[in-house]
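Below is one structure, written out as structure tokens; comments come after it.
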Amino acid sequence: MSRDSSTSYIKSRSTPRDAGKTMRVLFALFSIYLVLPLVDVPVFGFSLSAVLFALIFLLSIRSKRYSFSKYQGWLLLAVWIAFGVLLSFFLNGFLSGGTDIEGASIAVHYLYWLFLFVVVLYLLSEGVVSIQKVVEILGMSVFILALLRVFELAFLGKIGAWTGTRFFPQNTYGFLFSMFVPTNYYLILEKRGREKWFAVIRLLVILLAVLVNGSRGSWIALGISLAAFLILAVISMRSVKPLGTFLLVLLVISVGYLSFRNLMPYNVVAAFDSRFGTFDTLDTDKSYGIRLLQTQKGLRLFSESPLVGVGPGRFRWEFVELDLPDYLSYGSQEHFNRLSAHNSYIGFLAEGGLIASIPFAMLVISLAVSGGIGCIRLLRAGEYWALGVYLCFISMSVHMWSISSLTNTANWFIYALNVAMIERTHSFPGGEHGVKAGVSLPRSRIIKRG
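In terms of the working numbering, the sequence shown opens at residue 355 and continues consecutively.
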């Protein structure tokens, strides 16, 4: 073999491995940015996640050929949602004589998010990128996010809601917590000895940040995800000690809450109590009232055009007569009609109609049911990271009832992450029923493939 031919042979052998390593680094940065979107692309002002994803995709198509035969069901749902969004956009634009087209950029963005969903689920499901490593990265990233919020509390005096937080708005903090905090729950099960207590301390710091941030949506979402964590641990009792897990989680929550009430300054505790007390006065709470009002608007828009909706991105531009309660009399009909939907599901239903909402509902229901079953099977096999993946989906889905967030890359990333977790249960002997109680999965196949 000549020197030139041997050199080309070495390059051909090393390039895929180098490309794979580079892609894994880029995917790690992409995952971190979803939790900590601190900067945008200079000059252009768009999200850095789009640039990172473009690089990941370009590297992936160079290193291997895509084959979606195993993922046809998920691909079909993604195509159906995209078709519904585009049909809603074009029909509403046509029926209005070309005037109702403010949602053009949103329609294009939906195509991007759905494409990202398909690519990410493929890379994770095929083991090109390790899903377990991604969960670990997300867990550490949200811990850093919590440290930023605690920093704002300790050094900037940003306590509770409506305090003008520095790094992210309060609602952004809250939703990011809801999406990614559960990636830290499973560490209590997986770690042993000193590492377990480090995981406990980390979770306590995160829960402190959640409390002082004052987002009621994240309080409810994470409370439900903690309850789901205990339920799944009990169901998976053959390999997880449910009583010990329950007592440890109860201890963490109790110690954290007591420490918060007794060690935090009075103004911090008072701000928390004031915010928590608003749950008793929701019938006159302006924030809650606005959400009910926007739900009313969304349902009325849907009733006017149930099949194709009013068009993607059109919620703010459509006008309906709203029944304003007395405590919202400070604003006009025009003022409230210009607000966002404040509910991801109702907003999508109003904008996309049944043609887009039916496949989206099928996606969410499939992830909830199949994800729960897959999570239990993986838990019984000792793969605790699955808890972090599934509970992120649960927590995020709950919070989406009080915030408009489907126009967000992180949402579709979590959907793809859960599909990959579900597909992981299909990749062992016996197919989707191959992961049974008391049967350990071959970890080398999980980790080395990534």
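Yeah, the Cβ is synthetic: ideal placement off N, Cα and C, and Gly gets one too.
Can you tell me which of the three DSSP states residue i falls into?
i: S794; result: Because the pLDDT of S794 is 42, which lies under 50, any placement of that residue in the model is unreliable, and the question is left without a value.
i: S401; result: strand
i: D394; result: strand
i: T517; result: coil
i: L661; result: coil
i: A735; result: coil
i: Y466; result: helix
i: D637; result: helix
i: T632; result: helix
i: K545; result: coil
i: V482; result: coil
i: K375; result: helix
i: P783; result: Per-residue confidence for P783 stands at a pLDDT of 47, beneath the threshold of 50, marking its modelled position as unreliable; the derived number appears in the next sentence. It is coil, neither helix nor strand.
i: G685; result: coil
i: M355; result: Here M355 scores only 47 on pLDDT, less than 50, and its place in the model is too uncertain to base an answer on.
Please work out which residues of its chain come closer than 8 Å, Cβ to Cβ, to residue i, disregarding the five sequence neighbours upstream and downstream, and give them in chain order.
i: S459; result: G667
i: V554; result: I542, L602 and V606
Going by alpha carbons, who is nearest to residue i out of the options?
i: M618; options: I513, S724, V483 and T779; result: I513
i: A500; options: L604, G528 and L478; result: G528
i: L653; options: A581, Y699 and I386; result: Y699
i: L661; options: G707, Y769 and S751; result: G707
i: V559; options: L406, Y464, Y611 and E549; result: Y611
i: L390; options: R670, M494 and Q426; result: M494
i: W766; options: L647, L576, L717 and G481; result: L717
i: I491; options: G742, W755 and S751; result: G742
Return the chain-ordered list of same chain residues with a C-beta closer than 7 Å to the C-beta of residue i, the five sequence neighbours on each side being excluded.
i: V664; result: N446, L655, E672, A704 and E705
i: R556; result: F497 and N538
i: G451; result: Low confidence applies to G451: its pLDDT is 49, below 50, so where it sits in the model is not reliable, and the reading given next is rough at best. The answer is none, since no qualifying residue turns up.
i: G725; result: Y744, F747, N772, M775 and I776
i: V393; result: L402
Can you name, in chain order, every residue of its own chain whose Cβ lies under 6 Å from the Cβ of residue i, other than the five neighbours on each side?
i: V773; result: W428 and L475
i: L478; result: I485 and A774
i: V504; result: A563
Using the Cα positions of residue i and residue j, report the straight-line distance between them to the nearest angstrom.
i: V564; j: A710; result: 34 Å
i: K836; j: G701; result: Residue 836 falls outside the range modelled here, since the chain spans only 355 to 804, and no answer is possible.
i: P783; j: V483; result: Reliability fails at P783, whose pLDDT of 47 lies under 50, so the model's placement of it is uncertain and the value that follows must be treated cautiously. Taking the straight line from one Cα to the other gives about 21 Å.
i: W467; j: R520; result: 28 Å
i: S579; j: W573; result: 10 Å
i: L470; j: A722; result: 20 Å
i: V379; j: A408; result: 14 Å
i: T517; j: P536; result: 26 Å
Next on the checklist: Check whether the stretch 434-445 and the stretch 734-744 touch, using three or more Cβ-Cβ pairs below 8 Å as the test.
Outcome noted: no
Next on the checklist: With a threshold of 8 Å, are at least 3 pairs of Cβ atoms found where one atom belongs to the stretch 757-767 and the other to the stretch 574-590?
Outcome noted: no
Checklist entry - Would the stretch 378-387 and the stretch 401-418 be scored as touching if the rule is three or more Cβ pairs under 8 Å? => result yes
Next on the checklist: I want to know whether the stretch 673-683 touches the stretch 637-650 - three or more CB-CB distances under 8 Å.
Outcome noted: Touching, per the Cβ criterion.
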